[in-house]
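Residue numbers (the working numbering): 91 to 417.
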């Protein structure tokens with residue numbers, strides 16, 4: 091057991107609502123793809139829902155997040171509107187990027203969701219830039235960089251950590267260590283047992299937590315956010331988790347041992363949190379069923395609105411690429 095502050099009952103229920111939304115939406119996306127209604131690359135986050143849900147419980151709309159192509163869960167947790175999401179997935183004009191970004195470039199600056207990037211690890215230098223801007227503005231905002239364990243081995247990871255630590259920037263680096271970088275296991279790509287120990291090399295705080303445990307995850311982020319807002323610099327949080335699907339939809343993930351995957355699914359964090367809410371009388375079965383029904387109805391409405399909207403006109407092709415329109 092850690093000494094981190096734990097979420098109260100209301101916060102725990104909010105974390106579950108976000109996690110349930112992420113899981114149900116992810117399942118719906120895959121269903122629409124399987125039916126041939128969506129044609130796009132999609133990187134499922136099933137198994138990793140507790141991490142962004144616990145992070146978002148510590149953030150405000152003014153705080154920034156940056157994420158990567160496996161980041162729909164990060165965006166939904168922070169409040170990405172469902173209709174704007176499905177408009178984007180369907181490539182329609184009501185998407186957050188007018189249907190021109192797709193699932194790998196989800197962006198909603200109104201609530202601090204600054205970028206989803208398709209380049210491994212590039213969330214980190216962008217988050218550092220936002221952290222620098224936040225420090226200059228002096229408004230107490232924090233900037234969160236989400237990335238996977240594979241990205242912790244690229245140069246941008248080290249450069250970003252060094253600069254954030256050197257300048258005491260309000261940046262939180264969240265490595266969602268799901269044990270597999272694309273098709274390569276963590277053990278086959280990384281010498282150290284824990285990515286968090288690399289933080290010491292840059293003179294910053296670094297911790298490893300069970301990312302599937304809302305107590306640990308919420309508490310570690312809360313401490314990091316308070317440190318960042320107080321001007322005490324960045325934190326690296328390594329959140330241990332597991333992804334239940336292949337690298338992207340269509341990947342059968344034969345490189346993941348069946349017994350390893352089965353054990354992870356046996357400890358599926360979303361139903362585990364649901365069972366805990368019931369056991370601790372945080373909510374009743376009827377309460378949770380009503381919440382889940384409401385989420386499903388909202389997803390249904392968003393899917394319908396997404397597919398019903400118009401496709402962007404060809405004249406939109408060069409617009410929004412630069413600050414000014416091209417002729």
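For each residue, glycine too, the CB sits at the ideal point set by N, CA and C.
Bridge partners of residue 266 according to DSSP: 238, 329. In terms of Cα proximity to residue 347, the closest of 177, 270, 109, 118 is 270.
Residue state for residue 119 is assigned as helix, using DSSP reduced to three classes. With contacts defined by Cβ atoms closer than 8 Å, residue 193 and residue 162 form a contacting pair. In this structure, DSSP gives residue 204 an extended state, which the three-state scheme calls strand. Rounded to whole angstroms, the separation of the alpha carbons of residue 149 and residue 230 is 11 Å.
The beta carbon of residue 172 is closer than 6 Å to those of 388, 392 in its chain, skipping five residues each way along the sequence. Rounded to the nearest whole angstrom, the CA to CA distance from residue 326 to residue 316 is 14 Å.
For residue 302, the three-state secondary structure derived from DSSP is coil. Inside the stretch 124-158, DSSP marks whole alpha helix (DSSP H) runs of 4 or more residues at positions 140-146, from first to last along the chain. Counting along the chain, no alpha helix (DSSP H) covers residue 291, and no H or E run does either. Assignment of beta-bridge partners to residue 271 by DSSP yields 274.
The DSSP-derived three-state label of residue 210 is coil. Between residue 186 and residue 214, the C-beta gap is not smaller than 8 Å, which leaves the two residues out of contact. The Cβ-Cβ distance between residue 241 and residue 247 falls below 8 Å. Residue 111 sits away from residue 372, with the two beta carbons spaced by 8 Å or more.
By the CB criterion at 8 Å, residue 96 and residue 305 fall inside the cutoff.
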